[in-house]
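Numbering (mature numbering (1 follows the signal peptide of the UniProt record, and there is no 0)) for the sequence shown: -35 to -1, 1 to 193. Even for Gly, the Cβ is constructed at its ideal location relative to N, Cα and C. If you're wondering where the values come from, they're calculated on a predicted model, not measured in any experiment. Step one of this worksheet: look at the structure below.
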Amino acid sequence: MSKRVMNPAARITAVALATAGLGATLVAGAGSAFAAEGKAVTAPAALTASAAVAAQADAQAHVAAQVKAAVAKAAAVKATPVKAVKKASPAWVKPVASYALSASFNQGGAMWAHKHSGQDFAVPIGTPVHAAAAGTVVKAGPYGGGDGPAYGNAIVIKHGNGTYSQYAHLSKIKVSIGQKVGAGQQIALSGNTGNSSGPHLHFEIRTTPNYGSAVNPMAFLRAHGVGV
Ligand SMILES: [Zn+2]
């Protein structure tokens, strides 16, 4: 039994050691667990934080890109209608859609007391004649609307900036004095009235409403982007 008495002491020590060992193991285990847990918590937190920063940077870059795209899109949208409007209503257009050029500006000849004051567009009688630009009708009627019988039925439109356009030898006038017209608006039908050698539109660009102030209409139209 004495052996057994001794033994329990040894056994207690052994148990104590074993307990200590177990405790150490437990502590170590807890430490490991803690470390693992700490690492598990800390690392993802760090990852999360850096990921969040990266995500935020990404988001900011994305937002910046979106803003940039939106601004570009807005600019494009803003630019498009301006272009469309410009395309839909150009400042200057041809007075007749299709024609053959006949007598030109400053051309001499028996037809004119002085040099030819405009450009002739040979077109069949009844061809629609269009205002070459927006403006206000200041002359419309027979005898060149007051400029003389050689012009036959004629129209003069005031465009501003000291520019007027004149349309002569018309068969039918479709506008009246004081009327506002748009570029390309039909104002008359072409004809062969007045001192005319054949059906055509006589077209002038003037610096006043009156005869004698004409400039080269083809050079003027071309300078204003009209392909005549
Ligand atoms: Zn003419």
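{"Query": "Would the stretch 145 to 152 count as touching the stretch 64 to 76 if we require 3 or more Cβ pairs under 8 Å?", "Result": "no"}
{"Query": "Which stretch, first to last residue, makes up the beta strand (DSSP E) that contains residue 93?", "Result": "93 to 95"}
{"Query": "Is the stretch 93 to 112 in contact with the stretch 56 to 64, if contact means three or more CB pairs nearer than 8 Å?", "Result": "yes"}
{"Query": "Out of curiosity, what's the CA-to-CA distance linking residue 103 and residue 122?", "Result": "6 Å"}
{"Query": "Tell me whether residue -17 sits in a helix, a strand or coil according to DSSP, three-state version.", "Result": "Only weak support exists for where residue -17 lies, its pLDDT of 41 falling under 50; the coordinates are left without a value."}
{"Query": "Per the DSSP calculation, residue 167 is bridged to which residue(s)?", "Result": "85, 133"}
{"Query": "Give the secondary structure of residue 176 by DSSP, where H, G and I count as helix, E and B as strand, and everything else as coil.", "Result": "coil"}
{"Query": "Looking at the secondary structure, which residues open and close the alpha helix (DSSP H) in which residue 184 lies?", "Result": "182 to 188"}
{"Query": "If you follow the beta strand (DSSP E) that residue 151 is in, where does it begin and where does it stop?", "Result": "151 to 154"}
{"Query": "Short of 6 Å in beta carbon distance, which residues of its chain neighbour residue 107, apart from the five on each side in sequence? Order them along the chain.", "Result": "118"}
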